[in-house]
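Chemist:
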Amino acid sequence: MPTTIASAAPAVDIASLAHHTGQTVTLRGWVYHLRSSGKVRFLVLRDGSGMAQGVLVKGRLPEDDFQQFERLTLESSVMLEGLVRAEPRAPGGYELEVTRVIPVQIAPEYPISPKEHGVAFLMDRRHLWLRSPRQQAILRIRDEVCRACRDFFHDRGFVLIDTPILTPTACEGTTSLFETNYLDRGKAYLSQSGQLYLEAAAMALGRVYCFGPTFRAEKSKTRRHLTEFWMVEAEAAFYTLEDIMQLAEALVRFVVLRVLEHQEPQLRLLERDTAPLAEVDGPFPRLSYGQALEELQRHGKDLAWGEDLGADEETVISQLFTRPVLVHRYPKEAKAFYMQPDPEDPRLALCVDMLAPEGYGEIVGGSQRLDDLEALLARIREHNLPQEPLEWYLDLRRYGSVPHSGFGMGIERLVAWICGLHHVRETIPFPRLIDRIYP
RNA sequence: UCCCCGGUAGCUCAGCUGGUAGAGCGGGUGGCUGUUAACCACCUUGUCGGCGGUUCGAAUCCGUCCCGGGGAGCCA
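Numbering-wise, the first sequence is residues 116 to 554 according to this note's numbering.
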């Protein structure tokens, strides 16, 4: 139950403790750790901004407050009033000499200890797991990544376009969709990409991007897959494949450098070796599909022409370089219906995948879009897609069609790579996986 | 959907070729005036995932189902 007793001292964040040396302040947060050696008691408090140690010395604070310590448990919420002072023995260099202890709510035995836990146990308690320093660091980096993406596009004149989440039909037809009832109008599907809508917006505003959740009902059970994930997608009129490759490269470089610049403490907490990240500050290697096949052959992996690169192949390719690699111009059979054929080799599509280094796989997929109405109609027929729900999309080729290109970047995969995580599930606050929708 | 691995105390795990269920951590009580995942003493904890089978006897062997983890395909 919330306390009705308020502290007279000003409330401050732990992160700003150093600026309040010599002052009496109030910290408000949760108990992270408790230690006692009898008449001297230590309480490590976390408040979201950081952690600080409070010291309770018997006789130097009211006996009632000293005794309140006995009631506290891990993750109990509490307000501590005390004097801030520099203390080399304290973690962080500053501590609070506590003069008042005001419990807000006393927690029962907390299930997550600082010791080891299994993944399933932690995932079932994701709502509590978020409180751990590691998860906080990851979420702060995710926040930085998202803001960097928005800044990048805003700075280049791209307009944010929110594309619909409820859609009447598949964008690509290949992957399975989450289905839902749409009132009296039959089925609707959760968006698996904002691309087609973004193309419409690009014909209105020139350069656009979207940033939102994406849903894929694929039964993919790997470290790189979620059923609900976040994607930033860009689309620009008059952009060629070359333009979009440069844009995607610049975006990844911008985001990674920004995280290195602003989130160094978090990367250190995660024990991430930042040397591979700093590598992005230079041109990304490029490989055509044909060159990729040659490289694979050189490394003992024979792939038939026309086959898409699998996970093993992607790993081999990405390990050839220290920077993300752009693999472009795949056989069009391996790719989606809306891609422009390569004028120099019509068997190829003008598309690109960016593979992250260190085995993290594909983080960007993009292409120049098919802009000719008749060719697009032919491709739709080849892929056995229904034409009627795509009529609006075909209108974009009827009314002032222009060459245009775009790409999508998976936020969780990028964050996983930046943080050096083994699985994307830790990069999103509440992951949705093939067999998990709790909490 | 397919392949591999696992399920034993609140948590992390040990338990060998079948013979009465264990440790560490956590929790509780007491002690300690500077602790750093504190320390010391004592105490606390079980449908061994479910069901069926083999056996004198099953946590252990077999079958099956459930749940979890890792990977593949597909994709970001």
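Think of the CB as a built atom: it goes at the ideal place given N, C-alpha and C, for glycine as much as any other residue.
1) With DSSP as the reference, label H340 as helix, strand or coil.
2) Using 8 Å as the threshold, is the C-beta distance between T437 and P472 below it?
3) Are the CB atoms of H443 and M360 within a distance shorter than 8 Å?
4) Would you mind sorting Y553 into buried or exposed? The rule is 16 or more other CB atoms within 10 Å of its CB.
5) Assuming W345 contacts I526 under a Cβ cut-off of 8 Å, what Cβ separation, rounded to an integer in Å, is found between them?
6) Taking all protein chains shown into account, decide if P439 is buried (16 or more other Cβ within 10 angstroms of its Cβ) or exposed.
7) Please determine, among G153, W532, G481, the residue with the shortest C-alpha to C-alpha distance to D388.
8) Should E489 be labelled buried (16 or more other beta-carbon atoms within 10 Å of its own) or exposed?
9) Count the other CB atoms within 10 Å of the CB of H519; is the residue buried (16 or more) or exposed (fewer)?
10) Kindly give me the distance between the Cβ atoms of A363 and M469, rounded to whole angstroms, as I take these residues to be in contact under 8 Å.
11) Measuring only the C-alpha atoms, how far is T119 from L382?
12) Helix, strand or coil: which one does DSSP assign to H443?
13) Could you tell me which residues DSSP puts in a beta bridge with S520?
14) Measuring alpha carbon to alpha carbon, tell me which of P229, G481, L149, L158 ends up nearest L142.
15) Excluding sequence positions up to five away, which residues of its chain have a Cβ less than 8 Å from the Cβ of H377?
16) Would L441 pass as a contact of E428 if the rule is Cβ separation under 8 Å?
17) Less than 7 Å between C-beta atoms, sequence neighbours within five positions excluded: which residues of the same chain meet that for K173?
18) Have a look at A133, P229, G197, S306 and flag the residue whose alpha-carbon is nearest the alpha-carbon of L176.
19) Kindly list the residues whose CB is nearer than 6 Å to the CB of P458, restricted to its own chain and excluding five residues on each side of it in sequence; keep chain order.
20) V467: buried (16+ other C-beta within 10 angstroms of its C-beta) or exposed?
21) The alpha helix (DSSP H) with Y312 in it runs from where to where?
22) Give the range of the beta strand (DSSP E) segment to which A303 is assigned.
23) Spatial neighbours of L435 within its chain, please: CB distance less than 7 Å, with the 5 preceding and 5 following residues excluded, ordered by chain position.
24) Using 10 angstroms around the beta-carbon of S306, count the other beta-carbons present and answer buried if the total reaches 16, otherwise exposed.
25) Would you kindly work out how many angstroms separate the C-alpha atoms of E422 and R271, rounded to a whole number?
26) For Y475, is the classification buried or exposed, using 16 other Cβ atoms within 10 angstroms of its Cβ as the cut-off for buried?
27) Could you compute how far the alpha carbon of Q406 sits from the alpha carbon of E448?
28) Measuring CA to CA, which of R368, L418, L341, P380 is closest to P398?
29) Within the region 207 to 242, note down every full alpha helix (DSSP H) run reaching 4 residues or more, in order along the chain.
30) Do I256 and V517 count as a contact pair if the criterion is CB distance below 8 Å?
31) Just verifying my parser: in three-state terms, what is the DSSP assignment at W420?
32) Should the region 223 to 238 be called in touch with the region 325 to 343, which here means at least 3 C-beta pairs below 8 Å?
33) Note down the Cα distance separating P546 from D239, rounded to an integer number of angstroms.
34) Looking at the structure shown, is V395 part of a helix, part of a strand, or coil, going by DSSP?
35) Excluding five sequence neighbours on each side, which residues of the same chain lie with their C-beta closer than 8 Å to the C-beta of I478?
36) Can you tell me where the beta strand (DSSP E) holding H134 begins and where it ends?
Modeler: So, from the data block:
1) In this structure, H340 counts as coil in the three-state DSSP scheme.
2) Judged by beta-carbon spacing, P472 lies within the 8 Å limit of T437, meaning their Cβ atoms are closer than that value.
3) One thing to note: M360 has its Cβ within 8 Å of the Cβ of H443.
4) Residue environment analysis places Y553 among the exposed positions, since fewer than 16 neighbouring C-beta atoms fall within 10 angstroms of its C-beta.
5) Between I526 and W345 the Cβ distance is about 4 Å, and since that is below 8 Å, they are a contact.
6) It is buried - the Cβ of P439 has at least 16 other Cβ atoms within 10 Å.
7) Residue W532 is the option with its Cα nearest to D388.
8) Note on E489: under 16 other CB atoms within 10 angstroms of its CB, so exposed under the neighbour-count rule.
9) When all chains shown are included, H519 counts as buried.
10) Confirmed, Cβ separation roughly 6 Å.
11) Low local confidence applies: a pLDDT of 42 at T119 is under 50, so the model's placement there is unreliable, with the coordinate-based value given in what follows. Distance between the alpha carbons of T119 and L382: 40 Å.
12) Strand.
13) Answer is A351, Q483.
14) Taking only the C-alpha atoms, the option nearest L142 is L158.
15) For H377, where only same-chain residues beyond five positions count, the Cβ hits under 8 Å are E259.
16) No; because the gap between Cβ atoms is not below 8 Å, this pair is not in contact.
17) K154, F181.
18) Here the closest residue by C-alpha is G197.
19) Closer than 6 Å at the Cβ level, and outside the excluded window around P458, lies no residue.
20) That one is buried.
21) Start and end: 310 to 320.
22) Looking at the DSSP string, the run of the beta strand (DSSP E) that includes A303 is 302 to 305.
23) Once the five neighbours on either side are set aside, the close Cβ partners of L435 are E410.
24) By the 10 Å Cβ count, S306 comes out buried.
25) Taking the straight line joining both Cα atoms gives about 36 Å.
26) Classification for Y475: buried.
27) So the two alpha carbons sit approximately 18 Å from each other.
28) Of R368, L418, L341, P380, the residue nearest in Cα terms is R368.
29) Whole alpha helix (DSSP H) segments, 4+ residues: 234 to 239.
30) Taking 8 Å as the cut-off, the beta carbon of V517 is found no closer than this to the beta carbon of I256.
31) Of the three classes helix, strand and coil, the one that applies to W420 here is coil, per DSSP.
32) No, they do not touch.
33) If you draw a straight line from the Cα of P546 to the Cα of D239, it is about 11 Å long.
34) Here DSSP, grouped into helix, strand and coil, assigns V395 to coil.
35) So the list reads V367, P439, M469, L470, A471, M524, G525, R528, L529, W532, once near-sequence residues are dropped.
36) Per DSSP, H134 belongs to no beta strand (DSSP E) and is neither H nor E.
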